[in-house]
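Here the protein sequences come in this chain order: A and B. Residue numbering for the first sequence follows the working numbering, starting at 579 and increasing by one per position. Residue numbering for the second sequence follows the working numbering, starting at 49 and increasing by one per position. Don't be surprised by glycine CBs; every beta carbon is placed ideally from N, CA and C.
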Amino acid sequence: DTGVSQNPRHKITKRGQNVTFRCDPISEHNRLYWYRQTLGQGPEFLTYFQNEAQLEKSRLLSDRFSAERPKGSFSTLEIQRTEQGDSAMYLCASSFTAGGYNEQFFGPGTRLTVL
Amino acid sequence: EDQVTQSPEALRLQEGESSSLNCSYTVSGLRGLFWYRQDPGKGPEFLFTLYSAGEEKEKERLKATLTKKESFLHITAPKPEDSATYLCAVQAKGGSYIPTFGRGTSLIVHP
Chain A
579 DTGVSQNPRH KITKRGQNVT FRCDPISEHN RLYWYRQTLG QGPEFLTYFQ NEAQLEKSRL
639 LSDRFSAERP KGSFSTLEIQ RTEQGDSAMY LCASSFTAGG YNEQFFGPGT RLTVL
Chain B
49 EDQVTQSPEA LRLQEGESSS LNCSYTVSGL RGLFWYRQDP GKGPEFLFTL YSAGEEKEKE
109 RLKATLTKKE SFLHITAPKP EDSATYLCAV QAKGGSYIPT FGRGTSLIVH P
């Protein structure tokens with residue numbers, strides 16, 4: 579078990595560019611979550627998948643954001659036409675949800691800076 | 049709407065000086081309360097899950113307790129390596145397993 583991995587770890591982009599982040603969850607986990615975290619705040623939920631189905635999206639997730647989880651394995655989060663307000667740490671977490679047990683395990687995050 | 053309030057926002061301790069962090073919550077039926085540790089620039093690291101009032105869990109110098117309105121994270125004889133931000137999160141029953149996080153308590157332990 580290598581844990582949750584995220585790539586890239588850091589991304590610097592110019593306003594208006596598109597960026598894509600990848601998350602590889604713990605292999606036996608059926609749920610995958612994306613969060614955004616800014617300085618001094620706790621993680622804010624963006625969206626989650628159960629297997630390959632995207633089950634819920636936060637109202638924070640504007641139409642510039644899209645996420646996929648093809649075949650229920652890794653996931654990608656794309657931000658189109660980035661804005662300076664998108665600068666944040668983007669966290670991915672995974673869990674195995676069964677019988678009420680649902681601890682989420684986080685990856686190291688992708689730090690996005692929009693210039 | 050589920051709410052989580054953590055206090056204090058920041059805490060400075062001397063090595064060996066025990067203290068407690070507080071997590072007050074409002075939720076329509078608690079499924080679980082989670083504690084995480086987060087080091088600067090890294091993702092949160094899972095520490096504990098508590099499910100019902102009266103439950104306690106321990107790990108090294110950390111002990112988490114739960115009542116119907118709040119949870120405490122007790123740190124006994126802390127060391128500088130315990131310096132981190134400690135996050136609390138709650139999950140409501142009947143929901144979609146999406147936790148609501150507090151803003152965290154930033155702990156600094158001085159040698």
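Helix, strand or coil: how does DSSP classify residue i here?
i: A:G650; result: helix
i: B:G150; result: coil
i: A:Q658; result: coil
i: B:E104; result: strand
i: A:G663; result: helix
i: A:E606; result: coil
i: B:Q129; result: Looking at the sequence provided, one finds Glu at residue 129 of chain B rather than Gln. Here B:E129 sits in helix by DSSP.
i: A:E681; result: coil
i: A:K592; result: coil
i: B:E93; result: strand
i: A:L638; result: coil
i: B:L155; result: strand
i: B:K141; result: coil
i: A:T616; result: coil
i: A:R689; result: strand
i: B:Y99; result: coil
i: A:F674; result: coil
What are the start and end residues of the beta strand (DSSP E) that includes residue i?
i: A:D602; result: 597-602
i: B:N70; result: 67-74
i: B:K117; result: Taken as a continuous stretch (DSSP letters only), B:K117 belongs to no beta strand (DSSP E), as it is neither H nor E.
i: B:R85; result: 78-86
i: A:K635; result: 631-635
i: A:F627; result: 622-628
i: B:A58; result: 58-62
i: A:Q584; result: 583-585
i: B:S55; result: 51-55
Between which residues of its own chain and residue i is the CB-CB distance below 6 Å, once the five residues before and five after are set aside?
i: A:K592; result: L693
i: A:R637; result: none
i: A:G682; result: As written in the sequence, residue 682 of chain A is Gln, which differs from the Gly given in the question. Within the same chain, A:Q682 has close Cβ partners A671, S673.
i: B:Y99; result: G80
i: A:F706; result: No answer is possible for residue 706 of chain A: the residues shown for chain A start at 579 and end at 693.
i: B:S72; result: T53, E118
Between residue i and the rest of its own chain, which residues show a CB-CB distance below 8 Å, the 5 nearest in sequence each way excluded?
i: B:P128; result: E63, V157, H158, P159
Quick one: list the residues of chain E neighbouring residue i, beta-carbon separation under 9 Å, in chain order.
i: A:R609; result: Of the chains in the structure shown, none is chain E; the protein chains are A and B.
Got a sec? Which residues, its chain only, sit under 7 Å from residue i by beta carbon, not counting five neighbours each side?
i: B:K116; result: A101
Checklist entry - So does the segment 120-131 of chain B actually touch the segment 51-67 of chain B, counting three or more Cβ pairs closer than 8 Å? => result yes
Item to check | Three-pair Cβ contact test at 8 Å for the segment 69-81 of chain B versus the segment 138-149 of chain B | outcome: Flag = yes, the segment 69-81 of chain B and the segment 138-149 of chain B touch.
Checklist entry - How about the segment 86-97 of chain B and the segment 684-693 of chain A: do they share at least three Cβ pairs that are nearer than 8 Å? => result Two segments are said to touch when three or more pairs of C-beta atoms, one from each, lie closer than 8 Å; by this definition the segment 86-97 of chain B touches the segment 684-693 of chain A.
Checklist entry - What are the residues of the segment 93-117 of chain B that lie near chain A, defined by any Cβ-Cβ distance shorter than 7 Å? => result Cβ contacts with chain A: F94, T97.
Checklist entry - Relative to chain B, which residues along the segment 662-684 of chain A have a C-beta separation below 9 Å, given in chain order? => result M667, L669, C670, A671, S673, T675, G678, Y679, N680, E681, Q682, F683, F684
Next on the checklist: Any C-beta of chain A within less than 8 Å: which residues of the segment 120-135 of chain B qualify?
Outcome noted: With the criterion set as a beta carbon lying under 8 Å from some beta carbon of chain A, the members of the segment 120-135 of chain B are L135, in sequence order.
Checklist entry - Using a beta-carbon distance cut-off of less than 8 Å, what residues from the segment 615-628 of chain A approach chain B? => result G618, Q619, G620, P621, E622, F623, Y626
Next on the checklist: If contact is defined by three or more beta carbon pairs under 8 Å, each pair taking one atom from either stretch, is the segment 642-653 of chain A in contact with the segment 603-619 of chain A?
Outcome noted: Taking a contact to require three or more Cβ pairs closer than 8 Å, the segment 603-619 of chain A and the segment 642-653 of chain A qualify as touching.
Checklist entry - Counting Cβ pairs closer than 8 Å, one from the segment 625-640 of chain A and one from the segment 580-588 of chain A, do we hit at least three? => result Counting Cβ pairs under 8 Å, fewer than three are found: no touch.
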